[in-house]
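Residue numbers (the UniProt record's numbering): 1 to 162.
Glycine included, C-beta positions come from ideal geometry on N, C-alpha and C.
Remarks on the structure that follows.
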């Protein structure tokens, strides 16, 4: 991992607040009524992801093209999609923020129980890590990969994919 990537992640984590990450009012209002993924203010998550992308030199249009797909809901929002562009048609009808959140939660659980089990048992696990932060980490990772491929930023690669 490059020092620039580490610094970008550190800056992002320091700038998180409960209000920015979960939308404080929404969190209090629906705390007991909705499943945990519905507590996250996804519009705010999307805004943070576009900020992450700009730190890596991507425009909002490029971020939308390479890293998101349209929501199936009528409001026309974009949803982060950290997988290969050729798999998008298969996910088009089912992909929602809640699906992404469930995948992040499953990955985090798997990491804690299988990959990092000895550190967790010793009390050295990363307790502050939650599925929303995993999604932010995915955004950093994907944007860093795109930044490392100059042909993606020139637009030629996008034409080759369609």
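In the structure shown, residue 107 falls within a helical segment according to DSSP collapsed to helix, strand and coil.
Secondary structure note for residue 49: it is in no beta strand (DSSP E), and the uninterrupted alpha helix (DSSP H) holding it is 42-55. If you compare the alpha carbons of 63, 91, 96, 121 with that of residue 76, the shortest gap goes to 96.
The criterion of a C-beta distance shorter than 8 Å is satisfied by residue 79 and residue 68. The region 86-93 makes no contact with the region 115-124; the number of CB pairs closer than 8 Å stays below 3.
Taking all protein chains in view, the Cβ of residue 143 is crowded by 16 or more other Cβ atoms within 10 Å, so the residue is classified as buried.
Straight-line spacing of the CA atoms in residue 65 and residue 50 works out to 12 Å. Counted as a single uninterrupted DSSP element, the stretch harbouring residue 83 is not any alpha helix (DSSP H), since DSSP gives it neither H nor E. It is roughly 13 Å from the alpha-carbon of residue 127 to the alpha-carbon of residue 105. Looking at the DSSP output, residue 70 sits in a beta bridge with 78. For residue 144, the enclosing alpha helix (DSSP H) has its first and last residue at 131-147. Between residue 101 and residue 131, the C-beta spacing is below 8 Å.
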